[in-house]
Amino acid sequence: MNKDTFSKAAALPPALADRWWPHIEATCKRFGIFTPAQQAAFIAQIGHESGGFARVTESFNYAPAGALVSLRFIPGTPVQRVAALLLGIACAHYLGNGVIALWHVPAGLESDAIKFIAGVFGLTIVGYAYGELPALRRLVHDWLQQAAQRWMGGRKE
1 MNKDTFSKAA ALPPALADRW WPHIEATCKR FGIFTPAQQA AFIAQIGHES GGFARVTESF
61 NYAPAGALVS LRFIPGTPVQ RVAALLLGIA CAHYLGNGVI ALWHVPAGLE SDAIKFIAGV
121 FGLTIVGYAY GELPALRRLV HDWLQQAAQR WMGGRKE
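Under UniProt numbering, the first residue of the sequence shown is numbered 1, with each subsequent residue one higher.
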């Protein structure tokens with residue numbers, strides 16, 4: 001994959017692709033994310049969690065209020081739904097996130113979401129768009145490295 005392919009795959013304008021590409025490329029190389037399918041899945045997940053490559057922050061999709069509202073969408077009896085939610089909380093704490101997360105994929109631990117989301121998005125930047133502060137470049141690099149490590153199932157390299 002090159003920067004143009006990344007820009008098209010993520011539907012990013014050139015300026016935004018320029019900001020993210022060096023970090024995406026380094027992360028994919030470091031963690032062996034080489035096949036088109038792996039790269040597409042990784043870019044899709046990163047794009048989703050970063051709000052279209054606009055922020056490096058915890059996705060609000062996993063807020064406690066959102067989990068409770070969406071509890072009705074988890075299949076099963078009320079007891080099974082609560083158990084699924086509690087399992088998601090336990091998985092989040094075990095994998096290092098420390099907040100309600102993953103409540104929507106609790107049935108098995110095979111999901112890419114569990115490999116990827118938990119423990120990755122604790123970095124919160126309030127009031128700054130990526131690129132406004134030089135320190136954010138390093139933050140984005142580190143964030144992507146952590147994301148890839150989780151996405152690859154915890155394997156460091």
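All residues carry an ideal CB built from backbone N, CA and C; glycine is no exception.
It should be emphasised that the depicted structure is a prediction, and the values quoted were computed from it without experimental measurement.
- As the crow flies, the alpha-carbon of Thr-5 is around 45 Å from that of Thr-77.
- In this structure, the CA atom of Arg-19 is about 11 Å from the CA atom of Glu-25.
- Annotation for Ala-148: Thr-27, Phe-31 place their beta carbon closer than 6 Å to its own, counting only its chain and skipping 5 residues before and after.
- Bounds of the alpha helix (DSSP H) holding Ser-7 are 3-9.
- When only Cα atoms are considered, Pro-13 and Gln-39 end up about 19 Å apart.
- When the Cα atoms are used, Trp-21 and Gln-145 turn out to be separated by approximately 13 Å.
- Beyond the five residues adjoining it in sequence on each side, Phe-34 comes within less than 8 Å, by CB distance, of Cys-28 in the same chain, given in chain order.
- A Cβ-Cβ contact shorter than 9 Å links Ala-10 with Ile-43.
- Pro-36 and Ala-17 have their C-alpha atoms roughly 18 Å apart.
- Phe-31 carries a helical assignment under DSSP once its states are collapsed to helix, strand and coil.
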